[in-house]
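Novice:
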């Protein structure tokens with residue numbers, strides 16, 4: 217394991233820590249860091265980019281941002297191992313866990329941290345804004361139904377962004393070796409302990425095509441199945457939420473043409489997830505590449521300075 221010797225904030229205590237696990241994220245690393253740092257005060261954020269199993273120039277891109285970003289490197293291609301490595305080096309709370317393909321502003325981070333500092337909630341996340349501008353019609357159809365889930369109403373955690381305060385972090389402890397880290401975090405807290413931070417959002421770029429969508433949704437479903445197997449006592453979605461979801465679909469006839477696409481993806485990904493889970497064929501890292509066609513490694517300096 218390699219670490220940058222200089223801390224990103226010197227002796228000043230940062231207002232929050234941001235941990236970004238990164239496996240071959242050269243295409244999106246500069247965009248993520250640029251959005252975080254724009255408008256941030258010097259030393260306000262402790263940003264730790266944990267490069268794990270990378271064979272591209274993700275670490276070089278992150279280091280091009282100078283002392284504002286601390287880079288940790290591990291040869292092990294594991295997201296949860298990267299999260300734990302970041303945790304062991306982070307100094308501040310609240311603590312934000314962020315995927316490298318996320319775009320989020322300092323204003324959103326500040327509002328999320330403010331909610332967690334009140335002490336009422338242990339975990340929090342802002343609403344997600346789906347950037348479907350590059351997605352084809354089938355992907356857009358799927359998300360038009362998927363976003364109606366009651367899961368998004370209150371206390372939603374995941375989609376690449378979640379944050380905890382010190383008490384919430386104590387509840388979590390060390391991340392287990394699982395696929396669905398975000399769902400593990402969500403199920404570790406009751407509805408009353410999770411907050412949705414209103415008045416802000418973060419941006420996620422979904423897959424461009426149906427093949428890529430099926431791939432990432434298969435991973436997500438397999439991760440949730442794995443979570444049930446390993447932690448059977450954790451809370452799960454209730455039948456009331458499912459009925460509410462169906463009611464919302466029925467109340468929106470303009471979206472009915474998208475329903476077959478949605479349920480076809482659900483059925484197919486469930487089948488794939490069951491098959492791979494029973495075969496115990498879980499890859500170390502699996503993510504959508506179609507939405508990561510943004511910048512190449514050679515443009516890192518321009519992106520970080522722009």
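Residue numbers (the numbering used here): 217 to 522. Think of the CB as a built atom: it goes at the ideal place given N, C-alpha and C, for glycine as much as any other residue. Since we're looking at a predicted model, the values are computed, not measured.
1) Under three-state DSSP, which class holds residue 248?
2) Pick out the complete alpha helix (DSSP H) segments inside the region 272-322, 4 residues or longer, and give them in chain order.
3) Should residue 434 and residue 494 be called a contact, given that it needs their Cβ atoms to be closer than 8 Å?
4) Beta-carbon within less than 7 Å of residue 417's beta-carbon, same chain only, minus the 5 sequence neighbours each way: which residues are those?
5) Go ahead and label residue 530 buried or exposed: buried means 16 or more other beta carbons lie within 10 angstroms of its beta carbon, across all protein chains shown.
6) For residue 267, which beta-bridge partners are listed by DSSP?
7) Going by DSSP, what residues sit across from residue 262 in a beta bridge?
8) Check this for me: beta carbons of residue 372 and residue 321, under 8 Å apart or not?
9) DSSP on residue 485, reduced to helix/strand/coil?
10) Can you check which of these residues, 265, 260, 258 and 257, is closest to residue 248 by C-alpha distance?
11) Curious, which full-length alpha helix (DSSP H) runs of at least 4 residues does the region 384-412 contain?
12) Look up residue 340 in the DSSP assignment and say whether it is helix, strand or coil.
13) In whole angstroms, give me the CA-to-CA distance for residue 521 and residue 304.
14) Going by Cα to Cα distance, which pick from 297, 423 and 444 is closest to residue 355?
15) Could you give the residue range of the beta strand (DSSP E) that holds residue 436?
16) Would you say residue 232 and residue 330 are within 8 Å of each other, going by their C-beta atoms?
17) Beta carbon of residue 235, beta carbon of residue 313: below 8 Å?
18) Give me the residue from 384, 390 and 391 with the minimum Cα distance to residue 410.
19) For the alpha helix (DSSP H) containing residue 359, name the first residue and the last one.
20) Which two residues bound the contiguous beta strand (DSSP E) that contains residue 379?
21) Report the option in 477, 421, 255 and 260 whose CA atom is closest to the CA atom of residue 348.
22) Only counting the same chain, and skipping five residues up and downstream in sequence, which positions put a Cβ closer than 7 Å to that of residue 260?
23) For residue 335, does the three-state DSSP call read helix, strand or coil?
24) Check for me: the beta strand (DSSP E) holding residue 418 runs from which residue to which?
25) So what's residue 345 in DSSP terms, helix, strand or just coil?
26) Select from 390, 426, 318 and 310 the residue whose C-alpha is nearest the C-alpha of residue 334.
27) Identify whether residue 187 lies in helix, strand or coil by the three-state DSSP scheme.
28) Does DSSP put residue 500 in a helix, a strand or coil?
29) Measure the beta-carbon distance from residue 429 to residue 381 and round it to whole angstroms, keeping in mind my assumption that it falls under 8 Å.
30) To the nearest angstrom, report how far apart residue 317 and residue 490 are at their CA atoms.
Specialist: The answer reads as follows:
1) Three-state DSSP puts residue 248 in a helix.
2) 274-279 and 295-305
3) no
4) 324, 342, 343, 344 and 345
5) Because the chain is modelled from 217 through 522, residue 530 falls outside the range shown and cannot be assessed.
6) 238 and 289
7) 233
8) Not in contact: residue 372 and residue 321 (Cβ atoms no closer than 8 Å).
9) helix
10) 265
11) 397-403
12) Here residue 340 sits in strand by DSSP.
13) In this prediction, residue 521 has a pLDDT of 32, which is less than 50 and means its spatial position is unreliable; what the coordinates show is noted afterwards. Cα to Cα, the separation comes out at about 30 Å.
14) A check of alpha carbon separations from residue 355 across 297, 423 and 444 identifies 423 as the nearest.
15) It is not in any beta strand (DSSP E) - residue 436 instead sits in the alpha helix (DSSP H) that spans 426-446.
16) Taking 8 Å as the Cβ cut-off, residue 232 and residue 330 do not qualify as a contacting pair.
17) yes
18) 384
19) 353-362
20) 377-380
21) 421
22) 230 and 231
23) coil
24) 418-420
25) strand
26) 310
27) No statement about residue 187 is possible, as the shown extent of the chain runs from 217 to 522 and does not include it.
28) Reliability fails at residue 500, whose pLDDT of 48 lies under 50, so the model's placement of it is uncertain and the value that follows must be treated cautiously. Residue state, collapsed to three classes: coil.
29) About 34 Å separates the two Cβ atoms, so there is no contact after all.
30) Rounded to the nearest angstrom, the two C-alpha atoms are 27 Å apart.
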